[in-house]
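Down below is the structure, laid out as C-alpha coordinates.
Residue numbers (the numbering used here): 5 to 367.
Structure (C-alpha coordinates):
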(Lines of atoms letter the chains of each structure in order from A and count residues from 1; the text may use other names and numbers.)
(Lines give C-alpha, C1' and ligand atoms only; values in the text may rest on other atoms or scores of the structure.)
Protein backbone atom coordinates (compact mmCIF):
# COMPACT_ATOMS: atom_id res chain seq x y z
CA UNK A 1 0.00 0.00 0.00
CA UNK A 2 1.61 3.33 -1.04
CA UNK A 3 2.34 5.87 1.67
CA UNK A 4 0.51 9.13 1.10
CA UNK A 5 1.74 12.62 1.88
CA UNK A 6 -0.84 12.90 4.67
CA UNK A 7 0.47 9.74 6.36
CA UNK A 8 4.02 11.05 6.21
CA UNK A 9 2.99 14.44 7.58
CA UNK A 10 0.91 12.99 10.42
CA UNK A 11 3.68 10.56 11.31
CA UNK A 12 6.19 13.39 11.48
CA UNK A 13 3.93 15.45 13.70
CA UNK A 14 3.52 12.47 16.02
CA UNK A 15 7.29 11.99 16.20
CA UNK A 16 7.84 15.65 17.06
CA UNK A 17 5.06 15.51 19.66
CA UNK A 18 6.75 12.53 21.28
CA UNK A 19 10.13 14.27 21.22
CA UNK A 20 9.01 17.58 22.74
CA UNK A 21 8.29 16.16 26.23
CA UNK A 22 11.79 14.63 26.30
CA UNK A 23 13.38 17.93 25.34
CA UNK A 24 11.28 19.82 27.87
CA UNK A 25 12.15 17.35 30.62
CA UNK A 26 15.91 17.57 30.04
CA UNK A 27 15.84 21.35 29.64
CA UNK A 28 13.90 21.98 32.86
CA UNK A 29 16.15 19.60 34.80
CA UNK A 30 19.25 21.42 33.56
CA UNK A 31 17.75 24.82 34.37
CA UNK A 32 16.91 23.83 37.94
CA UNK A 33 20.36 22.37 38.53
CA UNK A 34 22.23 25.38 37.02
CA UNK A 35 20.31 28.37 38.36
CA UNK A 36 22.94 29.23 41.02
CA UNK A 37 25.32 29.89 38.15
CA UNK A 38 22.98 31.39 35.53
CA UNK A 39 20.29 33.15 37.56
CA UNK A 40 17.17 32.39 39.58
CA UNK A 41 14.88 32.78 36.55
CA UNK A 42 16.33 29.56 35.15
CA UNK A 43 14.77 27.58 37.97
CA UNK A 44 11.79 29.84 38.66
CA UNK A 45 10.38 29.47 35.12
CA UNK A 46 10.59 25.67 35.12
CA UNK A 47 7.16 25.00 36.75
CA UNK A 48 5.42 26.72 33.80
CA UNK A 49 6.17 23.81 31.50
CA UNK A 50 3.83 20.84 31.79
CA UNK A 51 6.41 18.70 29.99
CA UNK A 52 9.03 19.91 32.47
CA UNK A 53 7.29 18.32 35.45
CA UNK A 54 9.29 15.14 34.95
CA UNK A 55 12.44 17.25 34.77
CA UNK A 56 11.62 18.75 38.16
CA UNK A 57 11.22 15.24 39.56
CA UNK A 58 14.60 14.21 38.17
CA UNK A 59 16.29 17.35 39.48
CA UNK A 60 14.69 16.94 42.92
CA UNK A 61 15.70 13.29 43.07
CA UNK A 62 19.33 14.01 42.12
CA UNK A 63 19.72 16.95 44.51
CA UNK A 64 17.87 15.25 47.38
CA UNK A 65 19.79 11.97 47.19
CA UNK A 66 23.20 13.57 46.58
CA UNK A 67 22.73 15.79 49.65
CA UNK A 68 22.45 12.82 52.02
CA UNK A 69 25.72 12.43 54.00
CA UNK A 70 27.71 9.42 52.89
CA UNK A 71 28.04 7.99 56.41
CA UNK A 72 24.38 6.96 56.22
CA UNK A 73 25.43 4.29 53.74
CA UNK A 74 23.93 5.97 50.67
CA UNK A 75 23.89 9.37 49.04
CA UNK A 76 26.00 10.77 46.21
CA UNK A 77 27.92 7.51 45.84
CA UNK A 78 24.69 5.55 45.41
CA UNK A 79 23.51 8.14 42.89
CA UNK A 80 26.69 7.62 40.87
CA UNK A 81 26.57 3.82 41.11
CA UNK A 82 22.95 3.86 39.91
CA UNK A 83 23.97 5.78 36.80
CA UNK A 84 22.22 9.08 37.58
CA UNK A 85 24.25 12.01 36.30
CA UNK A 86 22.88 15.52 36.98
CA UNK A 87 22.88 17.69 33.88
CA UNK A 88 23.28 21.01 35.70
CA UNK A 89 26.72 22.45 36.39
CA UNK A 90 25.97 23.42 39.99
CA UNK A 91 24.28 20.15 40.98
CA UNK A 92 27.40 18.27 39.90
CA UNK A 93 29.30 19.99 42.72
CA UNK A 94 27.65 17.72 45.32
CA UNK A 95 28.12 14.53 43.29
CA UNK A 96 31.09 12.20 43.38
CA UNK A 97 34.27 12.87 41.43
CA UNK A 98 36.01 9.50 41.76
CA UNK A 99 36.22 9.07 45.57
CA UNK A 100 35.29 12.55 46.77
CA UNK A 101 32.85 15.32 45.98
CA UNK A 102 33.50 17.50 42.97
CA UNK A 103 33.28 20.55 45.25
CA UNK A 104 36.21 19.18 47.26
CA UNK A 105 38.21 18.53 44.11
CA UNK A 106 37.68 22.09 42.92
CA UNK A 107 38.57 23.47 46.34
CA UNK A 108 41.81 21.47 46.44
CA UNK A 109 42.69 22.71 42.94
CA UNK A 110 42.08 26.31 44.02
CA UNK A 111 44.29 25.86 47.10
CA UNK A 112 47.05 24.37 44.95
CA UNK A 113 46.90 27.27 42.50
CA UNK A 114 46.95 29.81 45.33
CA UNK A 115 49.72 27.92 47.19
CA UNK A 116 47.75 27.74 50.42
CA UNK A 117 49.81 25.96 53.09
CA UNK A 118 48.11 26.99 56.33
CA UNK A 119 44.38 26.11 56.43
CA UNK A 120 44.00 27.79 59.83
CA UNK A 121 44.15 31.20 58.16
CA UNK A 122 41.15 30.44 55.93
CA UNK A 123 37.43 30.30 56.53
CA UNK A 124 34.38 29.50 54.42
CA UNK A 125 31.43 31.88 54.53
CA UNK A 126 28.99 33.68 52.27
CA UNK A 127 30.58 36.87 51.00
CA UNK A 128 27.39 38.94 50.83
CA UNK A 129 24.63 37.48 52.97
CA UNK A 130 22.19 40.28 52.10
CA UNK A 131 22.62 39.65 48.37
CA UNK A 132 22.12 35.92 48.86
CA UNK A 133 18.96 36.49 50.88
CA UNK A 134 17.63 38.83 48.20
CA UNK A 135 18.42 36.23 45.50
CA UNK A 136 16.56 33.54 47.43
CA UNK A 137 13.59 35.86 47.95
CA UNK A 138 13.36 36.61 44.24
CA UNK A 139 13.59 32.89 43.54
CA UNK A 140 10.62 32.19 45.82
CA UNK A 141 8.51 35.03 44.42
CA UNK A 142 9.24 34.23 40.77
CA UNK A 143 8.62 30.51 41.32
CA UNK A 144 5.25 31.26 42.88
CA UNK A 145 4.36 33.59 40.01
CA UNK A 146 5.39 30.97 37.46
CA UNK A 147 3.27 28.39 39.26
CA UNK A 148 0.31 30.77 39.04
CA UNK A 149 0.91 31.26 35.31
CA UNK A 150 0.91 27.49 34.81
CA UNK A 151 -2.71 27.42 36.02
CA UNK A 152 -3.97 29.68 33.20
CA UNK A 153 -4.66 26.84 30.67
CA UNK A 154 -7.06 25.28 33.15
CA UNK A 155 -9.16 28.38 33.81
CA UNK A 156 -11.48 27.60 30.90
CA UNK A 157 -12.59 24.35 32.49
CA UNK A 158 -13.20 26.10 35.79
CA UNK A 159 -15.24 28.90 34.24
CA UNK A 160 -17.46 26.87 31.92
CA UNK A 161 -17.51 23.88 34.30
CA UNK A 162 -16.73 21.57 31.41
CA UNK A 163 -16.26 18.54 33.62
CA UNK A 164 -18.46 16.29 35.65
CA UNK A 165 -16.17 16.67 38.71
CA UNK A 166 -15.24 20.31 39.28
CA UNK A 167 -12.87 19.25 42.08
CA UNK A 168 -10.57 17.53 39.59
CA UNK A 169 -10.48 20.57 37.30
CA UNK A 170 -8.59 22.65 39.87
CA UNK A 171 -7.12 20.04 42.24
CA UNK A 172 -4.59 18.46 39.89
CA UNK A 173 -3.27 21.74 38.41
CA UNK A 174 -2.78 23.20 41.89
CA UNK A 175 -0.99 20.06 43.09
CA UNK A 176 1.32 20.18 40.06
CA UNK A 177 2.06 23.88 40.57
CA UNK A 178 2.75 23.58 44.30
CA UNK A 179 4.81 20.39 43.93
CA UNK A 180 6.92 21.98 41.19
CA UNK A 181 7.57 25.00 43.40
CA UNK A 182 8.64 22.72 46.27
CA UNK A 183 11.18 20.95 44.05
CA UNK A 184 12.55 24.21 42.64
CA UNK A 185 12.76 26.30 45.82
CA UNK A 186 13.84 23.56 48.23
CA UNK A 187 16.30 22.20 45.66
CA UNK A 188 18.09 25.54 45.28
CA UNK A 189 18.24 26.21 49.01
CA UNK A 190 19.49 22.68 49.65
CA UNK A 191 22.21 23.06 47.03
CA UNK A 192 23.48 26.20 48.74
CA UNK A 193 23.56 24.59 52.17
CA UNK A 194 25.12 21.35 50.96
CA UNK A 195 27.96 23.02 49.04
CA UNK A 196 28.82 25.15 52.08
CA UNK A 197 28.76 22.04 54.30
CA UNK A 198 31.15 20.19 51.99
CA UNK A 199 33.56 23.14 51.91
CA UNK A 200 33.53 23.53 55.69
CA UNK A 201 34.12 19.83 56.27
CA UNK A 202 37.08 19.89 53.87
CA UNK A 203 38.56 22.86 55.72
CA UNK A 204 38.01 21.12 59.05
CA UNK A 205 39.69 17.95 57.79
CA UNK A 206 42.73 19.96 56.66
CA UNK A 207 43.01 21.71 60.02
CA UNK A 208 42.70 18.51 62.03
CA UNK A 209 45.20 16.76 59.77
CA UNK A 210 47.75 19.51 60.26
CA UNK A 211 47.25 19.47 64.03
CA UNK A 212 47.64 15.69 64.14
CA UNK A 213 50.95 15.95 62.29
CA UNK A 214 52.18 18.73 64.54
CA UNK A 215 51.31 16.71 67.66
CA UNK A 216 52.95 13.62 66.10
CA UNK A 217 49.94 11.36 66.58
CA UNK A 218 50.06 8.04 64.74
CA UNK A 219 46.95 7.69 62.60
CA UNK A 220 47.87 4.09 61.68
CA UNK A 221 47.14 3.02 65.26
CA UNK A 222 43.57 4.36 65.09
CA UNK A 223 41.28 1.43 64.25
CA UNK A 224 37.53 0.87 64.30
CA UNK A 225 35.10 -1.96 63.69
CA UNK A 226 34.23 -2.01 59.96
CA UNK A 227 30.46 -1.99 60.50
CA UNK A 228 30.69 1.38 62.25
CA UNK A 229 31.56 3.13 58.99
CA UNK A 230 27.85 3.14 58.13
CA UNK A 231 25.28 4.52 60.48
CA UNK A 232 22.84 1.71 59.60
CA UNK A 233 25.49 -1.04 59.61
CA UNK A 234 24.86 -4.13 61.72
CA UNK A 235 27.66 -6.51 60.74
CA UNK A 236 28.50 -7.17 64.35
CA UNK A 237 24.96 -8.34 65.12
CA UNK A 238 24.91 -10.47 61.96
CA UNK A 239 28.21 -12.13 62.88
CA UNK A 240 27.01 -12.77 66.41
CA UNK A 241 23.80 -14.31 65.09
CA UNK A 242 25.53 -16.81 62.81
CA UNK A 243 28.59 -17.48 64.95
CA UNK A 244 28.60 -16.43 68.57
CA UNK A 245 32.38 -16.78 68.82
CA UNK A 246 33.31 -15.05 65.57
CA UNK A 247 35.80 -12.27 66.35
CA UNK A 248 35.47 -8.99 64.49
CA UNK A 249 38.81 -7.61 63.40
CA UNK A 250 39.30 -3.88 63.56
CA UNK A 251 40.51 -1.96 60.51
CA UNK A 252 42.36 1.37 60.23
CA UNK A 253 40.24 4.48 59.99
CA UNK A 254 39.91 6.16 56.61
CA UNK A 255 42.03 9.26 56.82
CA UNK A 256 43.14 10.15 53.32
CA UNK A 257 43.11 13.26 51.19
CA UNK A 258 41.52 11.55 48.17
CA UNK A 259 38.18 10.57 49.78
CA UNK A 260 35.33 12.64 51.15
CA UNK A 261 36.09 14.64 54.26
CA UNK A 262 32.85 13.61 55.96
CA UNK A 263 33.85 9.94 55.71
CA UNK A 264 37.21 10.73 57.33
CA UNK A 265 35.55 12.74 60.08
CA UNK A 266 33.01 9.97 60.66
CA UNK A 267 35.75 7.35 61.03
CA UNK A 268 37.55 9.65 63.45
CA UNK A 269 34.32 9.99 65.43
CA UNK A 270 33.89 6.20 65.53
CA UNK A 271 37.45 5.78 66.82
CA UNK A 272 37.06 8.48 69.46
CA UNK A 273 33.78 6.92 70.57
CA UNK A 274 35.62 3.66 71.32
CA UNK A 275 38.03 5.40 73.71
CA UNK A 276 37.24 5.88 77.41
CA UNK A 277 36.33 9.40 78.42
CA UNK A 278 39.39 9.57 80.73
CA UNK A 279 41.80 8.37 78.02
CA UNK A 280 44.82 10.54 77.32
CA UNK A 281 44.61 9.63 73.62
CA UNK A 282 41.08 11.02 73.54
CA UNK A 283 42.24 14.27 75.12
CA UNK A 284 45.04 14.65 72.58
CA UNK A 285 42.69 14.06 69.67
CA UNK A 286 40.10 16.45 71.08
CA UNK A 287 42.83 19.11 71.30
CA UNK A 288 43.47 18.67 67.56
CA UNK A 289 39.90 19.58 66.66
CA UNK A 290 39.57 23.37 66.37
CA UNK A 291 36.63 25.18 67.94
CA UNK A 292 35.38 22.03 69.64
CA UNK A 293 32.92 22.94 72.42
CA UNK A 294 34.16 22.20 75.91
CA UNK A 295 31.49 20.60 78.09
CA UNK A 296 31.10 17.47 80.21
CA UNK A 297 30.01 15.18 77.37
CA UNK A 298 32.21 12.70 75.53
CA UNK A 299 34.55 14.33 73.01
CA UNK A 300 33.24 12.05 70.26
CA UNK A 301 29.68 13.26 70.81
CA UNK A 302 30.88 16.84 70.74
CA UNK A 303 32.60 16.15 67.42
CA UNK A 304 29.43 14.60 65.99
CA UNK A 305 27.18 17.45 67.07
CA UNK A 306 29.64 20.18 66.10
CA UNK A 307 30.93 18.82 62.77
CA UNK A 308 28.84 15.88 61.53
CA UNK A 309 25.24 16.44 62.55
CA UNK A 310 23.13 17.21 59.48
CA UNK A 311 21.58 20.69 59.84
CA UNK A 312 17.85 20.69 60.44
CA UNK A 313 17.43 23.03 57.48
CA UNK A 314 18.81 20.45 55.08
CA UNK A 315 16.41 17.81 56.40
CA UNK A 316 13.48 20.21 55.97
CA UNK A 317 14.51 20.93 52.39
CA UNK A 318 14.87 17.21 51.70
CA UNK A 319 11.38 16.61 53.08
CA UNK A 320 9.92 19.35 50.87
CA UNK A 321 11.64 17.84 47.84
CA UNK A 322 10.15 14.44 48.63
CA UNK A 323 6.69 16.01 49.01
CA UNK A 324 7.14 17.80 45.69
CA UNK A 325 8.31 14.67 43.90
CA UNK A 326 5.41 12.61 45.23
CA UNK A 327 2.94 15.33 44.30
CA UNK A 328 4.26 15.60 40.73
CA UNK A 329 4.38 11.84 40.33
CA UNK A 330 0.83 11.41 41.62
CA UNK A 331 -0.44 14.28 39.48
CA UNK A 332 1.21 13.00 36.31
CA UNK A 333 0.13 9.40 36.81
CA UNK A 334 -3.47 10.05 37.90
CA UNK A 335 -4.41 13.25 36.11
CA UNK A 336 -4.36 11.61 32.70
CA UNK A 337 -7.05 9.23 33.93
CA UNK A 338 -9.05 11.51 36.21
CA UNK A 339 -9.24 14.46 33.83
CA UNK A 340 -10.93 12.28 31.29
CA UNK A 341 -14.54 12.52 32.48
CA UNK A 342 -17.71 11.17 30.96
CA UNK A 343 -20.86 13.16 30.40
CA UNK A 344 -24.11 11.37 29.83
CA UNK A 345 -26.76 13.16 27.84
CA UNK A 346 -30.14 11.91 26.68
CA UNK A 347 -30.42 11.35 22.95
CA UNK A 348 -33.67 10.32 21.35
CA UNK A 349 -33.95 8.07 18.33
CA UNK A 350 -36.58 5.86 16.84
CA UNK A 351 -35.82 2.94 19.10
CA UNK A 352 -36.33 4.88 22.32
CA UNK A 353 -34.10 6.67 24.82
CA UNK A 354 -30.38 6.12 24.20
CA UNK A 355 -27.47 7.59 26.17
CA UNK A 356 -24.66 9.31 24.40
CA UNK A 357 -21.29 9.87 26.07
CA UNK A 358 -18.63 12.38 25.18
CA UNK A 359 -15.07 12.26 26.50
CA UNK A 360 -13.36 15.56 27.34
CA UNK A 361 -9.67 16.13 27.85
CA UNK A 362 -8.48 18.74 30.29
CA UNK A 363 -4.75 19.06 30.38
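No residue lacks a Cβ here, since even glycine has one placed at the ideal position from N, Cα and C.
- One alpha carbon belongs to residue 64, the other to residue 32, and they sit about 11 Å apart.
- Boundaries of the alpha helix (DSSP H) around residue 84: 80-85.
- In the structure shown, residue 223 adopts helical secondary structure according to DSSP, grouped into three states.
- Between the alpha carbons of residue 110 and residue 159 lies a distance of about 48 Å.
- Taking C-alpha positions only, residue 229 is separated from residue 279 by approximately 13 Å.
- Taking the Cα positions, residue 180 is about 7 Å away from residue 331.
- The Cβ atoms of residue 127 and residue 205 do not sit closer than 7 Å to each other.
- Inter-residue distance for residue 95 and residue 38 is about 7 Å (C-alpha atoms, whole angstroms).
- By the criterion of a C-beta distance shorter than 7 Å, residue 324 is surrounded in its chain by 186 and 190, once the five residues flanking it on both sides are discounted.
- DSSP places residue 271 within a helical segment (H, G or I) once states are collapsed to three.
- In the structure shown, residue 228 falls within a strand segment according to DSSP collapsed to helix, strand and coil.
- Residue 286 holds the alpha-carbon nearest to the alpha-carbon of residue 301 among 122, 286 and 294.
- The beta-carbon separation of residue 34 and residue 91, rounded to 4 Å, stays under the 8 Å limit for a contact.
- Rounded to the nearest angstrom, the gap between the Cα atoms of residue 272 and residue 297 is 17 Å.
- Two segments are said to touch when three or more pairs of C-beta atoms, one from each, lie closer than 8 Å; by this definition the stretch 205-221 touches the stretch 106-124.
- With respect to residue 275, residue 293 sits apart: the two C-beta atoms are not nearer than 7 Å.
- In terms of Cα proximity to residue 72, the closest of 164, 288, 235 and 161 is 235.
- Judged by beta-carbon spacing, residue 223 lies within the 7 Å limit of residue 259, meaning their Cβ atoms are closer than that value.
- Going by beta carbons, residue 86 and residue 97 fall outside the 7 Å limit.
- For residue 164, no alpha helix (DSSP H) segment is defined, and its DSSP state is neither H nor E.
- Residue 234: not part of any alpha helix (DSSP H); DSSP gives it neither H nor E.
- By DSSP's assignment, residue 101 forms a beta bridge with 104.
- A straight-line Cα-Cα distance of about 20 Å links residue 100 and residue 116.
- Nearest in C-alpha terms to residue 199, of all of 70, 232, 58 and 42, is 70.
- The beta carbons of residue 192 and residue 141 sit about 12 Å from each other, so the pair does not count as a contact at 8 Å.
- In the structure shown, residue 120 adopts coil according to DSSP, grouped into three states.
- One thing to note: residue 44 has its Cβ within 7 Å of the Cβ of residue 139.
- The continuous stretches of alpha helix (DSSP H) do not include residue 125, and DSSP gives it neither H nor E.
- When the five nearest sequence neighbours on each side are left out, the beta carbons in the same chain lying within less than 6 Å of the beta carbon of residue 61 are those of 329 and 332, in order along the chain.
- For the pair residue 282 and residue 299, the Cα-to-Cα distance works out to about 14 Å.
- A residue is called buried once 16 or more other Cβ atoms fall within 10 Å of its Cβ, and residue 36 is buried on that count.
- Just so you know, the alpha carbons of residue 83 and residue 76 end up roughly 13 Å apart.
- A direct Cα-Cα distance of roughly 48 Å separates residue 155 from residue 268.
- With a 10 Å radius around the Cβ and a threshold of 16 neighbouring Cβ atoms, residue 232 comes out buried.
- By DSSP's assignment, residue 255 forms a beta bridge with 228.
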